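Asker: Quick note, the sequence shown lines up with residues 1 to 458 if you use my numbering.
All residues carry an ideal CB built from backbone N, CA and C; glycine is no exception.
For clarity, every value in this text was computed on a predicted model and none was experimentally measured.
Pasting a structure below so you can have a look.
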Amino acid sequence: MSKIKEKIEYICENCGYKTLKWLGRCPSCESWNSFQEDIKINIKKLNNREINTGNLKIYNLHELESTENIRINTTIKEFDRVLGGGLVLGEIVLLTGHPGVGKSTLLLQAADEYSKDNIVYYVAGEESASQIKLRSERLNINSKNLFILQETEINIIENQIRKNKPKIVIIDSIQTVYNSEYDSIPGTITQIRESTLKIIDIAKKENISFFIVGHITKDGKIAGPKLLEHMVDAVLTFEGEENYYYRILRSVKNRFGSTNEIGIFNMNEKGMTEVLNPSEFFLNDRDDKNVGSIIMPTLEGSKIFLVEVQALCTTLLFGLPRRVVQGFDFNRIQIISAILEKILHIELGGLDLYLNVPGGMYVKETAADLAIAISILSSVKNIEISNKIAAIGELGLRGEIRKVSFIDKRLIELEKLGFKGVYLPEGNRNEIDEKKFKIKVIYLRNLNELLERMNKNG
Numbered sequence: 001m002s003k004i005k006e007k008i009e010y011i012c013e014n015c016g017y018k019t020l021k022w023l024g025r026c027p028s029c030e031s032w033n034s035f036q037e038d039i040k041i042n043i044k045k046l047n048n049r050e051i052n053t054g055n056l057k058i059y060n061l062h063e064l065e066s067t068e069n070i071r072i073n074t075t076i077k078e079f080d081r082v083l084g085g086g087l088v089l090g091e092i093v094l095l096t097g098h099p100g101v102g103k104s105t106l107l108l109q110a111a112d113e114y115s116k117d118n119i120v121y122y123v124a125g126e127e128s129a130s131q132i133k134l135r136s137e138r139l140n141i142n143s144k145n146l147f148i149l150q151e152t153e154i155n156i157i158e159n160q161i162r163k164n165k166p167k168i169v170i171i172d173s174i175q176t177v178y179n180s181e182y183d184s185i186p187g188t189i190t191q192i193r194e195s196t197l198k199i200i201d202i203a204k205k206e207n208i209s210f211f212i213v214g215h216i217t218k219d220g221k222i223a224g225p226k227l228l229e230h231m232v233d234a235v236l237t238f239e240g241e242e243n244y245y246y247r248i249l250r251s252v253k254n255r256f257g258s259t260n261e262i263g264i265f266n267m268n269e270k271g272m273t274e275v276l277n278p279s280e281f282f283l284n285d286r287d288d289k290n291v292g293s294i295i296m297p298t299l300e301g302s303k304i305f306l307v308e309v310q311a312l313c314t315t316l317l318f319g320l321p322r323r324v325v326q327g328f329d330f331n332r333i334q335i336i337s338a339i340l341e342k343i344l345h346i347e348l349g350g351l352d353l354y355l356n357v358p359g360g361m362y363v364k365e366t367a368a369d370l371a372i373a374i375s376i377l378s379s380v381k382n383i384e385i386s387n388k389i390a391a392i393g394e395l396g397l398r399g400e401i402r403k404v405s406f407i408d409k410r411l412i413e414l415e416k417l418g419f420k421g422v423y424l425p426e427g428n429r430n431e432i433d434e435k436k437f438k439i440k441v442i443y444l445r446n447l448n449e450l451l452e453r454m455n456k457n458g
């Protein structure tokens, strides 16, 4: 076959904008230094190549029989739950996270579990086989069905997989894999795309499941083309702050399960151990009564987590008031602050405001609004709140407290951990069977009722 004729384009990693010349700034999304070289192949110039349609099959949707997804499970319950109940045969999972967060450790432990009944290949592009052996000894892994393939050329990897047909393959990492048919270095858009296309072809035709490790940029985005996230079946992120010893496995995309599922892991000398009761994990070291702090049961995927909402309001000494927010959407905090100022006439303009969710959790749902408002009011007015009181509710711009979903699941989790009372929206009254729960429910219509209750009971 003659040399393939190539055309070079440049693609923005963030938005996919294409140009024939490299640009410092993307005219579409306005991000800097986001263009990467992409090699386009002119298919028409390929010689001695015919499209074979002899094996082409067209299926009638009505006549196809539906089949249940066969899943492979481990004893790591949190890992299986985030995947949607286990790993589906032929599924391709992209796992991303910062360097050193423990991606390879988690997958090596999962590989050990899978290899109890299946042949597993670990394709090592970043570590040598001996380095992986040292890590496996530390993790007490010595499976006879786990094989290390130290190779980065995708065609060689493909030949080995098709020849030996393992059940599960781990690629660590996609940024080190390359296709020698293309004149570009590993990690470029072309190499990542073409290597992933090969992996998809193997997975779907041979019914082999793949885990692909992916790097992320300093901004927390997945390195490489945005197309990579669309090509795979599931995208998991492995998160963890440098000063914390726990890790959060989060499902961002899942064609075979729920998104926004999270699993908590504790990182120690034995590797990753799952935290089966994360609510207790996040609620340690609390006093009997606290100023500027209250508990909120948040929904992550199918699981309820109890998190602490902390607020600190201090007098402004000079300049503009500061708003420092960790664990919440900054714009949502601005809205809640404006509602408190307008409805309750709380002067926040002369205060610095700090909001935090201890433990590094990020709460996205608006059901946390009421807890945020209570913690701010508690800090401003120095009102103590019992550590056995929680709050759930969304705030409207008129100061009304709006109903939230999955209220029974939240109350069950609160009772399980010994909470005595909870602030709830009046709109949820008809959904709750009070005979079913021992916890005291305090219904609220608006912020004025809330402030009255806080001044009375705390």
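Secondary structure at R322, three-state DSSP: helix, strand or coil?
Answerer: Locating residue 322 in the sequence shown gives position 322, where the first residue counts as 1. Note: R322 maps to coil in three-state DSSP.
Asker: So which of I389, G84, L451 has the shortest CA-CA distance to V441?
Answerer: For the purposes of this step, residue 441 is identified with residue 441 of the sequence shown, where counting begins at 1. Ranking the options by Cα distance to V441, first place goes to I389.
Asker: Can you give me the C-alpha to C-alpha distance between V397 and T96, rounded to a whole angstrom?
Answerer: In the sequence shown, the residue the question calls residue 397 occupies position 397. In the sequence shown, the residue the question calls residue 96 occupies position 96. One detail in the question is off: residue 397 reads as Leu in this sequence, not Val. Linking L397 to T96 through their CA atoms gives a straight-line distance of about 38 angstroms.
Asker: In three-state terms, what does DSSP make of I43?
Answerer: Position 43 of the sequence shown, counting from 1, holds the residue named residue 43. With a pLDDT of only 49 at I43, under 50, the local geometry of the prediction cannot be trusted, and the value read off the model is given with reservation. DSSP places I43 in helix when its eight states are reduced to three.
Asker: DSSP puts C313 in a beta bridge; with which residues?
Answerer: In the sequence shown, counting from the first residue as 1, residue 313 sits at position 313. Beta bridge pairing from DSSP links C313 with L353.
Asker: In terms of residues, what are the limits of the beta strand (DSSP E) holding E274?
Answerer: Taking the first residue of the sequence shown as position 1, residue 274 is located at position 274. 271-274 is the span of the beta strand (DSSP E), which, as asked, contains E274.
Asker: Are the CB atoms of C313 and V380 within a distance shorter than 9 angstroms?
Answerer: In the sequence shown, the residue the question calls residue 380 occupies position 380. In the sequence shown, the residue the question calls residue 313 occupies position 313. Yes, these two residues count as a Cβ contact at 9 angstroms.
Asker: With distances taken between CB atoms, is the gap from L351 to L395 smaller than 9 angstroms?
Answerer: Taking the sequence shown and counting its residues from 1, one reaches residue 351 at position 351. Taking the sequence shown and counting its residues from 1, one reaches residue 395 at position 395. Contact: no.
Asker: What number of angstroms, rounded off, separates the C-alpha of G187 from the C-alpha of D38?
Answerer: For the purposes of this step, residue 187 is taken as the residue at position 187 of the sequence shown. For the purposes of this step, residue 38 is taken as the residue at position 38 of the sequence shown. Computed Cα separation, rounded: 11 angstroms.
Asker: What is the residue span of the alpha helix (DSSP H) that Y121 lies within?
Answerer: Position 121 of the sequence shown holds residue 121. Per DSSP, Y121 is not a residue of any alpha helix (DSSP H); the beta strand (DSSP E) it occupies stretches across 120-124.
Asker: Could you give the C-beta distance for I171 and V123, rounded to a whole number, given that I count them as a contact under 8 angstroms?
Answerer: Numbered from 1 along the sequence shown, position 171 holds the residue referred to as residue 171. Numbered from 1 along the sequence shown, position 123 holds the residue referred to as residue 123. Right, the Cβ-Cβ distance comes to about 5 angstroms (below 8 angstroms), so this counts as a contact.
Asker: DSSP puts M267 in a beta bridge; with which residues?
Answerer: The count along the sequence shown starts at 1 and reaches residue 267 at position 267. As a beta-bridge residue in DSSP terms, M267 pairs with M272.
Asker: Have a look at T67 and S258 and give me their C-alpha separation to the nearest angstrom.
Answerer: Here the question's residue 67 lines up with position 67 in the sequence shown. Here the question's residue 258 lines up with position 258 in the sequence shown. Using only the alpha carbons, I get a separation of about 19 angstroms.
Asker: Return the chain-ordered list of same chain residues with a C-beta closer than 7 angstroms to the C-beta of L451, the five sequence neighbours on each side being excluded.
Answerer: Here residue 451 refers to the residue found at position 451 when the sequence shown is read from its first residue. Only L344, L377 meet the Cβ criterion.
Asker: Start and end of the alpha helix (DSSP H) containing F79?
Answerer: Indexing the sequence shown from 1 puts residue 79 at position 79. Boundaries of the alpha helix (DSSP H) harbouring F79: 77-82, taken from the DSSP string.
Asker: Terminal residues of the continuous beta strand (DSSP E) containing T176?
Answerer: Working through the sequence shown from its first residue, we reach residue 176 at position 176. Here T176 belongs to no beta strand (DSSP E), and DSSP marks it neither H nor E.
Asker: Please report the distance separating the alpha-carbon of N448 from that of L355.
Answerer: Looking up residue 448 in the sequence shown gives position 448. Looking up residue 355 in the sequence shown gives position 355. Taking the straight line joining both Cα atoms gives about 22 angstroms.
Asker: Among G393, R322, S279, which has the Cα closest to the Cα of F305?
Answerer: Looking up residue 305 in the sequence shown gives position 305. Checked all of G393, R322, S279; the closest Cα to F305 is S279.
Asker: With C-beta atoms as the reference, is T74 less than 9 angstroms away from G84?
Answerer: Counted from its first residue, the sequence shown places residue 74 at position 74. Counted from its first residue, the sequence shown places residue 84 at position 84. Not closer than 9 angstroms, so no.
Asker: For K303, does the three-state DSSP call read helix, strand or coil?
Answerer: Indexing the sequence shown from 1 puts residue 303 at position 303. DSSP places K303 in strand when its eight states are reduced to three.
Asker: On a CA-only basis, which of E426, F330, E127, V120 is nearest Q160? Give me that one, please.
Answerer: The residue given as residue 160 occupies position 160 in the sequence shown. Minimum Cα distance to Q160 is reached at V120.
Asker: Note down the Cα distance separating N260 from R322, rounded to an integer number of angstroms.
Answerer: The residue you call residue 260 lines up with position 260 of the sequence shown. The residue you call residue 322 lines up with position 322 of the sequence shown. For the pair N260 and R322, the Cα-to-Cα distance works out to about 31 angstroms.
Asker: Is the Cβ-Cβ distance between V101 and G240 less than 9 angstroms?
Answerer: Along the sequence shown, read from residue 1 onward, the residue named residue 101 stands at position 101. Along the sequence shown, read from residue 1 onward, the residue named residue 240 stands at position 240. Their beta carbons are under 9 angstroms apart, which means V101 touches G240 by this criterion.
Asker: Counting Cβ pairs closer than 8 angstroms, one from the region 131-147 and one from the region 185-203, do we hit at least three?
Answerer: No, they do not touch.
Asker: According to DSSP, V422 sits in a beta bridge with which residue or residues?
Answerer: What you label residue 422 is simply residue 422 of the sequence shown in a count that begins at 1. DSSP output for V422 lists A390, V441 as bridge partner(s).
Asker: Compute the Euclidean distance between the alpha carbons of S375 and H230, then round it to the nearest angstrom.
Answerer: Taking the sequence shown and counting its residues from 1, one reaches residue 375 at position 375. Taking the sequence shown and counting its residues from 1, one reaches residue 230 at position 230. Roughly 40 angstroms separates the two Cα atoms.
Asker: Short check: CB of R250 to CB of E91, under 9 angstroms?
Answerer: As a position in the sequence shown, residue 250 is number 250, starting the count at 1. As a position in the sequence shown, residue 91 is number 91, starting the count at 1. Cβ atoms of R250 and E91: not closer than 9 angstroms.
Asker: When you compare only the Cα positions, how much space is there between W22 and N33?
Answerer: Sequence index remark: in the sequence shown, residue 22 carries index 22 (1-based). Sequence index remark: in the sequence shown, residue 33 carries index 33 (1-based). Cα to Cα, the separation comes out at about 9 angstroms.
Asker: Less than 9 angstroms between the beta carbons of E426 and I407, yes or no?
Answerer: Residue mapping note: residue 426 aligns to position 426 of the sequence shown, counting from 1. Residue mapping note: residue 407 aligns to position 407 of the sequence shown, counting from 1. In this structure, I407 does not lie closer than 9 angstroms to E426 by Cβ.
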